[in-house]
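Shown next, in structure tokens, is the structure this report addresses.
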Amino acid sequence: MRRLKNYAAAALAFIVICVILLSVAAVVLEATHDCEGAECPVCEFIHTLTDVTRGFIVVLAVIAGVAVYIKRYAVAACLHRLCITPVSEKVRLRN
Numbered sequence: 153m154r155r156l157k158n159y160a161a162a163a164l165a166f167i168v169i170c171v172i173l174l175s176v177a178a179v180v181l182e183a184t185h186d187c188e189g190a191e192c193p194v195c196e197f198i199h200t201l202t203d204v205t206r207g208f209i210v211v212l213a214v215i216a217g218v219a220v221y222i223k224r225y226a227v228a229a230c231l232h233r234l235c236i237t238p239v240s241e242k243v244r245l246r247n
């Protein structure tokens with residue numbers, strides 16, 4: 153089951169990267185089009201695609217930041233639990 157989750161996560165990451173790269177490629181390819189004026193459909197497409205890509209990247213950055221923060225907190229909590237010993241708790245043993 154864990155292997156299936158790893159494959160699914162890798163496939164999802166690959167799809168996200170491909171979508172971002174294709175969006176950027178579409179903007180670059182259409183950047184030199186012959187503009188028709190104020191309401192050019194290609195310019196609107198480029199503007200919309202740029203906004204969507206920018207928003208998507210911001211969301212991914214926030215998710216990555218939260219994941220790093222959570223992982224750091226979880227590691228610190230585990231290390232704190234592992235360091236609890238009778239000596240660190242100053243437990244006196246009775247004979």
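In this text, residue positions in the sequence shown follow this note's numbering: the first is 153, and each later residue adds one.
Even for Gly, the Cβ is constructed at its ideal location relative to N, Cα and C.
Where residue i sits in the DSSP three-state scheme
| i | result |
| --- | --- |
| L245 | coil |
| H199 | helix |
| I222 | helix |
| V239 | coil |
| A183 | coil |
| G189 | coil |
Spatial neighbours of residue i in its chain, beta-carbon cut-off 6 Å, leaving aside the 5 residues before and after
| i | result |
| --- | --- |
| I198 | V179 and E182 |
Whole-angstrom distance between residue j and residue i, CA atom to CA atom
| i | j | result |
| --- | --- | --- |
| E191 | V210 | 28 Å |
| R244 | A226 | 30 Å |
| A219 | P238 | 33 Å |
| L164 | R246 | 58 Å |
| K157 | C187 | 46 Å |
| R155 | V168 | 20 Å |
| C170 | E196 | 22 Å |
Contact under 8 Å by Cβ, residue i with residue j
| i | j | result |
| --- | --- | --- |
| I172 | T205 | yes |
Inter-residue CB distance, residue i and residue j (contact presumed, cutoff 8 Å)
| i | j | result |
| --- | --- | --- |
| H185 | V194 | 5 Å |
Minimum Cβ-Cβ distance from residue i to chain D less than 8 Å
| i | result |
| --- | --- |
| Y221 | Any reference to chain D falls outside this structure, which holds one protein chain only. |
7 Å Cβ shell around residue i - same chain, five flanking residues per side excluded
| i | result |
| --- | --- |
| F208 | I172 |
| T202 | V179 |
Own chain partners of residue i with C-beta closer than 8 Å, once the 5 adjacent residues on each side are dropped
| i | result |
| --- | --- |
| L256 | Since the first residue shown for the chain is 153 and the last is 247, residue 256 is missing from the structure and cannot be characterised. |
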